[in-house]
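First up is the structure itself, then whatever we jot down about it.
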Amino acid sequence: MPHRLRLLSILALCFVLLPVSRASQQSDTPKVSLFPAIITYSLDKAKLNLPSDFEGKVNLLLISFEPEQSKEIETWMPAAQALQHMNFQFRYYRMPVSNQENFIYRWWDTSSLRSVETDPETWHWVIPIYTNKNDFRRALNIPNEKEVAAVLVDKTGQVLWKSSGPATNEKRAALMNAVAAATHLQ
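Under numbering that gives the first Met the number 0, the residue at position 173 of the sequence shown is numbered 172, and the numbers go up by one with no gaps.
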């Protein structure tokens, strides 16, 4: 009888400690953010299977959620363009993200983007994303749509570095360091 009581005590203790152990393991492990699998088209009408069709070893995604955020995106462009000219393993993309709508809306929105981006040479680097915005933000751990997000990903879509809002000198320096670290690892 004492043996059964001791066994029951051990089992009861396991039932109490197991959830606590699992909770601490989950909170200590950093969540890996990944760019979600999306099939879309760039403004130059090239079909893309993302993230595998990103062209760089590392890719800066300048993500906006509202048309009026284009001014914030522009603050990142000098650093993005400089990096792309200096580092052949780096590419940048501008990604306006909208909720998944019908075909007519997507056609109209994409045509509007082409009329704003008047240089066809830049169309390859502009990739409108039509998806569930909340799911997209959750996959990349972007807390809200109030600011643009600058997200550095590798060829598999794993997030290597992230910032939000307009570019500052500190953010540009951090981006440069993250790109240098990611492209010199292999």
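Don't be surprised by glycine CBs; every beta carbon is placed ideally from N, CA and C.
Assumed close pair residue i, residue j - CB separation to whole angstroms, cut-off 8 angstroms
i      : j      : result
Lys161 : Ala180 : Contact flag wrong, Cβ pair sits at about 14 angstroms.
Phe53  : Lys154 : 6 angstroms
For residue i, the nearest candidate out of the options (CA to CA)
i      : options                           : result
Thr167 : Phe53, Phe135, Phe34 and Met76    : Met76
Asp118 : Gln88, Leu33, Val31 and Leu42     : Leu42
Asn101 : Glu120, Thr130, Trp122 and Ala138 : Thr130
His183 : Glu116, Lys145 and Phe89          : Phe89
Arg93  : Pro66, Trp124 and Glu116          : Trp124
Leu61  : Glu169, Val115 and Ile141         : Ile141
Asn133 : Asn98, Ser51 and Met175           : Asn98
Val31  : Ile103, Leu159 and Thr109         : Leu159
Val115 : Asn176, Thr155, Pro66 and Lys154  : Pro66
Ala172 : Asp108, Ser111, Ala81 and Glu144  : Ala81
Met175 : Asp108, Glu144 and Met85          : Met85
Lys44  : Lys56, Gln68, Trp122 and Ser111   : Trp122
Own chain residues within Cβ distance below 6 angstroms of residue i, not counting five before or after
i      : result
Leu59  : Ala79, Tyr91 and Leu151
Pro95  : Ser63 and Pro127
Ser163 : Glu146 and Ala148
Lys46  : Tyr40
Leu49  : Ile37
Gly156 : Leu33, Phe34 and Pro50
Glu144 : Phe64
Lys170 : Ser162
Arg21  : Legend: pLDDT at Arg21 = 41, less than 50; position of this residue unreliable, value from coordinates given subsequently. Excluding residues within five positions, none has a Cβ falling inside 6 angstroms.
Residues bridged to residue i (per DSSP)
i      : result
Gln157 : Leu33
Val115 : According to DSSP, Val115 bridges with nothing at all.
Ile62  : Met94 and Ala148
Asn48  : Ile38
Ile128 : Val96
Val57  : Phe89 and Asp153
Ser163 : Ala148
8 angstroms CB neighbourhood of residue i in its chain, flanking five on each side removed
i      : result
Ala138 : Ser32, Leu33, Phe34 and Pro35
Leu112 : Leu42, Pro95, Val125 and Pro127
Same chain only: Cβ atoms within 7 angstroms of residue i, ignoring 5 sequence neighbours per side
i      : result
Asp108 : Ser97 and Pro127
Gln83  : Phe89, Arg90 and Tyr91
Gly55  : Gln88, Phe89 and Arg90
Assess, as a yes-or-no matter, whether the segment 30-46 is touched by the segment 66-79 under the definition of 3 or more beta carbon pairs within less than 8 angstroms. Contact fails: fewer than three Cβ-Cβ distances are below 8 angstroms.
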